[in-house]
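Take a look at the structure set out below.
Protein chains: 2
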Amino acid sequence: MRVIETVREMQAFSESVRMEGKRIALVPTMGYLHEGHLSLMKEGRKRSDCLIISIYVNPTQFGPSEDLDKYPRDFVRDEKLAMNEGVDVIFYPSNQEMYPDNYQTYVNVEGVTNNLCGLSRPGHFQGVTTVCAKLFNITKPHLTVFGKKDFQQYVTIKRMVADLNMDLEVLGLATVRESDGLAMSSRNTYLKQDERESALSLSRSLKRAKELYEGGERNAATIIDEMRALIEGYPHTAIDYIKICDTLTMNDVETLDRESVVALAVRVGLPRLIDNYVFGDSLEL
Amino acid sequence: MRVIETVREMQAFSESVRMEGKRIALVPTMGYLHEGHLSLMKEGRKRSDCLIISIYVNPTQFGPSEDLDKYPRDFVRDEKLAMNEGVDVIFYPSNQEMYPDNYQTYVNVEGVTNNLCGLSRPGHFQGVTTVCAKLFNITKPHLTVFGKKDFQQYVTIKRMVADLNMDLEVLGLATVRESDGLAMSSRNTYLKQDERESALSLSRSLKRAKELYEGGERNAATIIDEMRALIEGYPHTAIDYIKICDTLTMNDVETLDRESVVALAVRVGLPRLIDNYVFGDSLEL
Chain A
1 MRVIETVREM QAFSESVRME GKRIALVPTM GYLHEGHLSL MKEGRKRSDC LIISIYVNPT
61 QFGPSEDLDK YPRDFVRDEK LAMNEGVDVI FYPSNQEMYP DNYQTYVNVE GVTNNLCGLS
121 RPGHFQGVTT VCAKLFNITK PHLTVFGKKD FQQYVTIKRM VADLNMDLEV LGLATVRESD
181 GLAMSSRNTY LKQDERESAL SLSRSLKRAK ELYEGGERNA ATIIDEMRAL IEGYPHTAID
241 YIKICDTLTM NDVETLDRES VVALAVRVGL PRLIDNYVFG DSLEL
Chain B
1 MRVIETVREM QAFSESVRME GKRIALVPTM GYLHEGHLSL MKEGRKRSDC LIISIYVNPT
61 QFGPSEDLDK YPRDFVRDEK LAMNEGVDVI FYPSNQEMYP DNYQTYVNVE GVTNNLCGLS
121 RPGHFQGVTT VCAKLFNITK PHLTVFGKKD FQQYVTIKRM VADLNMDLEV LGLATVRESD
181 GLAMSSRNTY LKQDERESAL SLSRSLKRAK ELYEGGERNA ATIIDEMRAL IEGYPHTAID
241 YIKICDTLTM NDVETLDRES VVALAVRVGL PRLIDNYVFG DSLEL
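If you read the sequences in order, they're chains A and B.
So the first sequence is numbered by our numbering: it starts at 1 and just counts up by one.
So the second sequence is numbered by our numbering: it starts at 1 and just counts up by one.
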């Protein structure tokens, strides 16, 4: 396994791999790898001849009051985990390498980023799409694998790739959960012991939404109200949003008469956790 | 020579050319080809194994009150000219192919687009960078060739390519001029007979700027004032801007103590013509 830190070397490597007719998969990450990331790598490994992961805590997707500085990092541990998954290359650039002086170009996806985290975290998706456009140009993948835990991010990346005619496949994989249902996230490490139980309110509220849906409920407000009440029953929780959206446009829906996703963001103590459920999908809790 | 109208076919063609180890050059155009375009093609031909040109009048770079509908088009003539230059492929997509329903992604270069045409034509450069990002992803060139007649466009594309780590070379070629000095432009066809002489005021004002510079003048305002007076001496002229800018940032300069460009936009009758001169360069008039 190689660790590559410069754009020039990464591009030369990827170009030579492509010229050999080999298929490249990229798993972009911010490091501090967990089982969710590992599931993306396993799938990328299966579907490619060359598996690249990027580890880069991208400053442009953090707001000024967000957790950029204290975002958890452990490159030595990440390196071992990547090695175990058969990763060929970790692309591990510095901020200066990614955003040199005089940097001034941004990619914006407009429609699908307007709701949910796009409202709560202004500039977040511009940071995500910009860094992903860069990572795709640097690592030249045939396939990139994202987790659907960040559902709006997944939809946004798919939209960017289609709109800008990036010639690569975007694969979205189901959220990986702890045995008790908590969606895997690097930010779970922020949870204090007494907040850990409250963090389960997210997945439990999704389970309740699924039951209501399967019982025939199609009114979005009714489902959201029940979820809200359930979450508010736990200490340390502060709901940012609970919304039910059209999975194509990410616009709010009133009635679940098309493919819809319920997505929520809840602050549990310090960390802001997100989770979601696409109605009709399975949900293993 | 092939004409390809779909993204999918163009990408498959370019990918197969790349896999043969051949070098691709792209000359993006809006058609109605003139000697300026042909000079770009000749250079692209020399430096590549496969020369692609795109012919696409990109609606997103025209403002609502601009000349999109009446922009001159003649595909049959363009096809012959391209054939004569040894073009391998004309990429000739429809609007529906380039901007299908639900399209919503844009590339923005911030700093260098703030001045000059970025002020006069809001949204213009967003349209240019977005369509060029798409064209690069569709045709997968190693090299792209632009004319420096659109100097700010050239600087903007170079900035985008560098910032987004697009792995291709951007070559800028000198403006091609009519024998009397008028910069070649598809929009010159709008000029009525009595306006044609007035259109020479642009290149003549640049020649005057060059003379002043070579005589030791370094004050931007002095140079601009002389150019303005010269142009206003011609009938049918309405100056949009005359500015002297740092070629790196495109910010105005007061004193010509770094590489600077004088750029101007002048309406001559109907058409809005642009031209420029980088101080220190040659200017064949």
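Idealized CB from N, CA, C, for every residue including glycine.
Only a predicted model underlies this, so the values are computations on that prediction, with no experimental measurement involved.
For residue i, the first and last residue of its enclosing beta strand (DSSP E)
i, result
"Lys243 of chain A", "237-246"
"Leu51 of chain A", "50-55"
"Tyr277 of chain A", "272-278"
"Leu173 of chain B", "169-173"
"Val89 of chain A", "89-91"
"Arg267 of chain A", "260-268"
"Thr105 of chain A", "105-109"
"Gly147 of chain B", "143-147"
"Arg187 of chain B", "Premise fails: Arg187 of chain B is in no beta strand (DSSP E) and is neither H nor E."
"Arg2 of chain B", "2-4"
"Pro28 of chain A", "24-29"
Nonlocal neighbours in the same chain, by C-beta distance under 8 Å from residue i, ignoring five residues either side
i, result
"Arg218 of chain A", "Thr255, Leu256, Asp257"
"Arg177 of chain A", "Ala183, Met184, Ser203, Glu284, Leu285"
"Met83 of chain B", "Met1"
"Thr249 of chain A", "Gly111, Val112"
"Glu97 of chain B", "Glu5, Thr6, Val7"
"Asp74 of chain B", "Gly31, Tyr32"
"Thr156 of chain B", "Val109, Val112, Thr113, Phe125, Val128, Thr129"
"Asn115 of chain A", "Gln152, Lys243, Cys245, Met250, Asn251, Asp252"
Chain-ordered neighbours of residue i on chain B, where CB pairs are closer than 7 Å
i, result
"Gly172 of chain A", "Result: empty, since nearest Cβ-Cβ is about 18 Å, beyond 7 Å."
"Gly111 of chain A", "Gln104"
"Lys134 of chain A", "Leu164, Asn165"
Chain-ordered neighbours of residue i on chain B, where CB pairs are closer than 9 Å
i, result
"Met19 of chain A", "Arg18, Met19, Gly21"
"Asp257 of chain A", "The premise fails here: Asp257 of chain A is roughly 19 Å from chain B at the closest Cβ pair, so nothing lies under 9 Å."
"Asn58 of chain A", "Going along chain B, no residue has its Cβ under 9 Å from Asn58 of chain A, so there is no contact; the nearest lies around 14 Å."
Residue burial classification, residue i (beta-carbon count within 10 angstroms, cutoff 16)
i, result
"Ser179 of chain B", "exposed"
"Pro28 of chain A", "buried"
"Gly280 of chain B", "exposed"
"Lys192 of chain A", "exposed"
"Lys46 of chain A", "exposed"
"Gly36 of chain B", "buried"
"Met19 of chain B", "exposed"
"Leu164 of chain A", "buried"
"Val261 of chain B", "buried"
"Val76 of chain A", "exposed"
"Pro64 of chain B", "exposed"
"Asn95 of chain A", "exposed"
"Lys210 of chain B", "buried"
"Ser282 of chain B", "exposed"
Residue i, enclosing alpha helix (DSSP H) - first and last residue
i, result
"Asn137 of chain B", "124-139"
"Ala162 of chain B", "151-163"
"Asn84 of chain A", "75-84"
"Val17 of chain B", "7-19"
"Asn114 of chain A", "From DSSP, Asn114 of chain A is part of no alpha helix (DSSP H); its letter is neither H nor E."
"Arg47 of chain B", "Careful: Arg47 of chain B lies outside any alpha helix (DSSP H) and carries neither H nor E."
"Thr222 of chain B", "220-232"
"Leu206 of chain A", "193-214"
"Asn95 of chain A", "95-98"
Under 7 Å by beta carbon: chain A residues contacting residue i
i, result
"Asn95 of chain B", "The contacting residues do not exist; Asn95 of chain B stays about 14 Å from chain A at best."
"Met160 of chain B", "Thr105"
"Val7 of chain B", "Asn165"
Close-in-space but distant-in-sequence residues of the same chain around residue i (CB under 6 Å, 5 per side omitted)
i, result
"Ser54 of chain A", "Pro28, Phe91, Leu135"
"Leu81 of chain B", "Leu33"
"Cys50 of chain B", "Val17, Lys22, Ile24, Asp88"
"Tyr190 of chain B", "Leu270, Pro271"
Amino acids of chain A, ordered along the chain, whose beta-carbon sits closer than 8 Å to that of residue i
i, result
"Ile53 of chain B", "Near Ile53 of chain B there are no residues of chain A at all, since even the closest Cβ is about 17 Å away, more than 8 Å."
"Ala221 of chain B", "Near Ala221 of chain B there are no residues of chain A at all, since even the closest Cβ is about 26 Å away, more than 8 Å."
"Gln11 of chain B", "Asn165, Asp167"
Contact set between residue i and chain B, taken where Cβ atoms lie within less than 8 Å
i, result
"Val87 of chain A", "Residues of chain B passing the Cβ test: none, with the nearest at roughly 21 Å."
"Lys289 of chain A", "No information on residue 289 of chain A is available, as it lies outside the stretch 1 to 285 that chain A covers here."
"Met166 of chain A", "Asn137"
"Val253 of chain A", "The contacting residues do not exist; Val253 of chain A stays about 16 Å from chain B at best."
Same chain only: Cβ atoms within 7 Å of residue i, ignoring 5 sequence neighbours per side
i, result
"Ala229 of chain A", "none"
"Val145 of chain A", "Ala25, Val27, Leu40, Glu43, Gly44, Leu171, Leu173"
Min CB distance residue i to chain D below 8 Å
i, result
"Asn115 of chain B", "You won't find chain D in this structure, because its protein chains are A and B."
Cross-chain neighbours of residue i in chain A, by beta carbon under 9 Å
i, result
"Met83 of chain B", "Simply none; closest approach about 26 Å."
Please confirm if the region 165-172 of chain A is in contact with the region 236-244 of chain A, defined as three or more CB-CB distances below 8 Å between the two stretches.
Segments in contact, no.
The region 96-113 of chain A / the region 128-148 of chain A touching (three or more Cβ pairs under 8 Å):
Touching, per the Cβ criterion.
Meets three-Cβ-pair contact criterion under 8 Å: the region 267-282 of chain A and the region 137-154 of chain A
Result yes; three or more Cβ-Cβ pairs closer than 8 Å.
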